[in-house]
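Those letters in the sequence shown? Residues 2 to 187, by my numbering.
Yeah, the Cβ is synthetic: ideal placement off N, Cα and C, and Gly gets one too.
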Amino acid sequence: SPGGNGWSLLADSYVKLDTVANLERLLKAAKQSGLTVLVSPHYYYPTDQNWSAPGSATEVLMESISVFQRRGPLTLRGFPGSGADFPEQFKPYIHDGRTVILSPHKVYGSSTNDMLLQLRKLRIEKVIMAVPAGNLCVEAHFRDLLEQGFEVAMIRDAIGGTLNEEGDGVQAALVNFRFLAHALWT
């Protein structure tokens, strides 16, 4: 959300696609329809700074602007309003006692969280994906789901992406989603 630590990286695509409003519409519709909502947060804890393996360019950037920093896995002290917290307008949907908040992923995909376990234990076989950073973590989670046999639909205007001299991250993700997704919806 505006003022969040990572907003500036994705703001142009969020404005262009009306991503924030579309994510809220999806959350509201999912809750009204009784669908299970899973959130895959991305957090780093102080102990993660002890890693000796080099981080990717994005990991280094995220650390430098404190997008996903928390004080520890068992505390929310200092988290509300930190710039890495959930946007205020999404909290009623996320903190409703029914949303599954997955263990945090550390790099990009679901190999470092419990998404696949949760989906299997809930007997969910079809997934609708919409997440803020379409060309990075979303695509990694999306590919993991496909390779594990899930049917996946992507929401093209409820994602965001970065821009750099190589091009538009949303457009790059959409090209891949068109080839890979079971459905690509607006």
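> Quick one: is D145 buried, meaning 16 or more other Cβ sit within 10 Å of its Cβ, or exposed?
Replying inline: Start at 1 with the first residue of the sequence shown, and residue 145 comes out as number 144. Answer is buried; the Cβ neighbour count reaches 16.
>> Less than 8 angstroms between the C-beta atoms of V40 and L117, yes or no?
In response: On the sequence shown, position 39 is the one that residue 40 refers to. On the sequence shown, position 116 is the one that residue 117 refers to. Not closer than 8 angstroms, so no.
>> Tell me the DSSP secondary structure of D169 in three-state form.
In response: On the sequence shown, position 168 is the one that residue 169 refers to. D169: strand per DSSP, three-state reduction.
>> Quick check on the burial criterion: 16 or more other C-beta atoms within 10 angstroms. Buried or exposed for A30?
In response: For the purposes of this step, residue 30 is identified with residue 29 of the sequence shown, where counting begins at 1. Answer is exposed; the Cβ neighbour count stays below 16.
>> Starting from W186, trace the alpha helix (DSSP H) in both directions and tell me its first and last residue.
In response: Along the sequence shown, one-based indexing puts residue 186 at 185. It is not in any alpha helix (DSSP H) - W186 instead sits in the beta strand (DSSP E) that spans 184-186.
> Relative to the C-alpha of P93, which residue among M63, G82, V16, E25 is closest?
Replying inline: What you label residue 93 is simply residue 92 of the sequence shown in a count that begins at 1. Taking only the C-alpha atoms, the option nearest P93 is E25.
>> Three or more C-beta pairs under 8 angstroms: does that hold for the region 136-144 against the region 76-92?
In response: no
>> Based on DSSP bridge pairs, tell me the residues matched to Y45.
In response: Locating residue 45 in the sequence shown gives position 44, counting from the first residue. Answer is Q70, bridged to Y45.
>> On the CB-based measure, 16 or more other CB atoms within 10 Å of its CB, does N114 come out buried or exposed?
In response: Within the sequence shown, numbered from 1, the residue matching residue 114 stands at position 113. With 16 or more Cβ atoms within 10 Å of its Cβ, N114 is classed as buried.
> Between D19 and N51, what straight-line distance do the alpha-carbon atoms span, to the nearest angstrom?
Replying inline: As a position in the sequence shown, residue 19 is number 18, starting the count at 1. As a position in the sequence shown, residue 51 is number 50, starting the count at 1. So the alpha carbons of these two residues sit roughly 38 angstroms apart.
> For D97, which residues of its own chain have a beta-carbon under 8 angstroms away from its beta-carbon, when the five flanking residues on both sides are left out?
Replying inline: Position 96 of the sequence shown holds residue 97. Same-chain partners within the cutoff: K32.
>> I believe T37 touches L123 by the beta-carbon criterion, under 8 angstroms. Please report the beta-carbon distance rounded to the nearest angstrom.
In response: Position 36 of the sequence shown, counted from the start, is the residue given in the question as residue 37. Position 122 of the sequence shown, counted from the start, is the residue given in the question as residue 123. About 6 angstroms; that satisfies the 8 angstroms criterion.
> Which residues mark the beginning and the end of the alpha helix (DSSP H) in which K107 is found?
Replying inline: Mapped onto the sequence shown, residue 107 falls at position 106. Neither: K107 is in no alpha helix (DSSP H) and is coded neither H nor E.
> Can you give, in chain order, each stretch of the alpha helix (DSSP H) that sits fully within the region 83-150 and has at least 4 residues?
Replying inline: 92-95, 116-122, 140-148
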